[in-house]
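Notes follow the structure.
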Amino acid sequence: MDLQGTGAGERPRTPVDVFEEQRPRLFGLAYRLLGSAAEAEDLVQETFLRWSRAGRIEVPAAWLTKVITNLCLNQLASARRRRESYAGPWLPEPVLTGDGVLGPLETVEQRESVSLGLLVLLERLSPAERAVFVLREAFGHSHAEIGDVLGVDEAYSRQLHRRARAHVGEARKRFGADREQHRRIVEGFLAATLRGDVAGLERLLAADVVAWADGGGTTAARRPVRGRERVLRYLRGLSARPEASAVTAAVAEVNGEFAVLLRHTGELRAVMAVEIGDGRISAVRTLVNPAKLAFAAAQLM
Numbered sequence: 001m002d003l004q005g006t007g008a009g010e011r012p013r014t015p016v017d018v019f020e021e022q023r024p025r026l027f028g029l030a031y032r033l034l035g036s037a038a039e040a041e042d043l044v045q046e047t048f049l050r051w052s053r054a055g056r057i058e059v060p061a062a063w064l065t066k067v068i069t070n071l072c073l074n075q076l077a078s079a080r081r082r083r084e085s086y087a088g089p090w091l092p093e094p095v096l097t098g099d100g101v102l103g104p105l106e107t108v109e110q111r112e113s114v115s116l117g118l119l120v121l122l123e124r125l126s127p128a129e130r131a132v133f134v135l136r137e138a139f140g141h142s143h144a145e146i147g148d149v150l151g152v153d154e155a156y157s158r159q160l161h162r163r164a165r166a167h168v169g170e171a172r173k174r175f176g177a178d179r180e181q182h183r184r185i186v187e188g189f190l191a192a193t194l195r196g197d198v199a200g201l202e203r204l205l206a207a208d209v210v211a212w213a214d215g216g217g218t219t220a221a222r223r224p225v226r227g228r229e230r231v232l233r234y235l236r237g238l239s240a241r242p243e244a245s246a247v248t249a250a251v252a253e254v255n256g257e258f259a260v261l262l263r264h265t266g267e268l269r270a271v272m273a274v275e276i277g278d279g280r281i282s283a284v285r286t287l288v289n290p291a292k293l294a295f296a297a298a299q300l301m
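Here the UniProt record's numbering is used: the first residue of the sequence shown is 1, the next is one more, and so on.
In structure tokens, the structure reads:
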């Protein structure tokens, strides 16, 4: 491992320096694999502990990628069992991405790779398929590199990638609006919801819109709400709650998309992410589970 400084008078780079350079990428990789910011942070720390004991490593980035990917694969097996018994719909933990915490999100593909919608679709994949998909699609690794990470040959990595794309398949939706259009739709959705503007919401919602709410078994709806009329009633019910008048709302970038942050007495209480298709809202995903809001709440401090 090259730990030399980059110029005269600079102190030598330490193993901690090398790891800290890789930390954002490792966190972004683990989050995409797990859909949990808290678990991703834990595995980044475990990777650091292994790194600190590893001794000389010729290619730190490759070694670290292999370690954290395999830690995530082990975690995914138990995570799937927990999610099968989860109370109500399961959604990934939201992450505020305006400050680049999940890496560059400059292209449509990069933003899609962290969207709540795609992360939900990745739950359909086996752990190995998910790892190949993320390493290839989000980070651009070759199949030879992925094979080395997973301990498989290049041909099998290609096979896993084809299978992953087929499983995600037609359900995978590209961003249906440019950034400014998406922002306008989200802002219009927020204003109409807070005012109880039924006509305004009708214009924004697709006929087959679906609303999910992840409350971890608390007050949120336990089943998806499907169709414009039912979603309208659902949203009107939210705006009619007594505490709604004390809620403050703002639009922010969450998982690469614009979303609504709802706070009550200064605390983050909900994140509402909307998915756009053909100029209308095709999905609404609301997170109210306090445990899943903890990472985003800390980002706001």
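Beta carbons: idealized from backbone N, C-alpha and C, even for Gly. Computed from a predicted structure; not experimentally measured.
- Item | Cut-off 8 Å between Cβ atoms - residues of its own chain near Lys66, not counting five sequence neighbours on either side | So the qualifying residues of the chain are Asp148 and Val149.
- Ala199 - partner residues in DSSP beta bridges: According to DSSP, which records beta bridges pairwise, Ala199 is partnered with nothing at all.
- Message: Please tell me whether Ser113 and Ala138 are closer than 8 Å, where the distance is taken between their beta carbons.
- Response: A distance below 8 Å separates the beta carbons of Ser113 and Ala138.
- Item | Cβ-Cβ distance between Val209 and Ser157 below 8 Å | Result no, Cβ atoms of Val209 and Ser157 do not sit closer than 8 Å.
- Message: Quick check on the burial criterion: 16 or more other C-beta atoms within 10 angstroms. Buried or exposed for Ala207?
- Response: Ala207 should be labelled exposed.
- Query: With Thr97 and Glu253 assumed to form a contact (beta carbons below 8 Å), what rounded beta-carbon distance in angstroms separates them?
  - Reply: About 5 Å separates the two Cβ atoms, so the contact holds.
- What is the residue span of the alpha helix (DSSP H) that Leu29 lies within? Unbroken alpha helix (DSSP H) run through Leu29: Pro15 to Leu34.
- Member of Arg228, Asp214 and Glu180 whose CA lies at the smallest distance from the CA of Gly200: Ranking Arg228, Asp214 and Glu180 by Cα distance to Gly200 puts Arg228 first.
- Task: Below 7 Å CB to CB, which residues in the same chain sit around Leu194 once its five sequence neighbours on both sides are set aside?
- Result: Residues of the same chain with a CB within less than 7 Å of the CB of Leu194, apart from the 5 flanking positions on each side, are Ser239 and Ala249 in chain order.
- Message: So for Ala206, helix, strand or coil by DSSP?
- Response: Under the three-state reduction of DSSP, Ala206 is assigned to strand.
- Message: As an exercise, report each continuous beta strand (DSSP E) stretch of at least 3 residues that is fully enclosed by the region 96-121, in chain order.
- Response: Counting only runs of 3 or more, we get nothing.
- Task: Using 7 Å as the cut-off, classify the Cβ of His161 as near or not near the heavy atoms of the ligand SAH, replying yes or no.
- Result: The ligand SAH is not part of the structure shown, which contains no ligands of any sort.
- Note down the Cα distance separating Ala213 from Val95, rounded to an integer number of angstroms. Near 17 Å, if we compare the C-alpha coordinates of Val95 and Ala213.
- With DSSP as the reference, please indicate the residues paired to Thr286 in a beta bridge. Per DSSP, Ala213 and Met272.
- Closest by CA to Leu33, which one among Ala155, Val108, Glu84 and Glu123? When only C-alpha atoms are compared, the closest one is Glu123.
- DSSP-derived helix/strand/coil call for Leu3: Caution applies to Leu3, whose pLDDT of 48 falls short of 50 and renders its modelled position unreliable; the value that the coordinates give is listed next. When DSSP states are grouped into helix, strand and coil, Leu3 belongs to the coil group.
- Message: Give me the residue from Leu232, Glu180, Arg233 and Glu129 with the minimum Cα distance to Ala259.
- Response: Relative to Ala259, the option among Leu232, Glu180, Arg233 and Glu129 whose CA is nearest is Glu180.
- Among Ser245, Ala87 and Glu39, nearest to Gly216 - alpha-carbon criterion: For the options Ser245, Ala87 and Glu39, the alpha carbon positioned closest to that of Gly216 is the one of Ala87.
- Item | Straight-line Cα distance separating Arg111 from Asp99 | Answer to the nearest angstrom: the Cα atoms are 13 Å apart.
- Item | Pick from Arg162, Gln75 and Leu26 that is closest to Phe48, judged by C-alpha positions | Put simply, of Arg162, Gln75 and Leu26 the residue whose alpha carbon is nearest the alpha carbon of Phe48 is Leu26.
- Query: Buried or exposed: where does Pro89 fall if 16 or more other Cβ atoms within 10 Å of its Cβ makes it buried?
  - Reply: Around the beta carbon of Pro89, a 10 Å sphere encloses 16 or more other beta carbons of the protein chains shown; the residue is thus reported as buried.
- Euclidean distance between Cα positions of Trp63 and Val186: Between the C-alpha atoms of Trp63 and Val186 there is a straight-line separation of about 41 Å.
- Query: Which partner residues does Arg226 have in the DSSP bridge list?
  - Reply: Residue pairing by DSSP places Arg226 opposite Val210 in a beta bridge.
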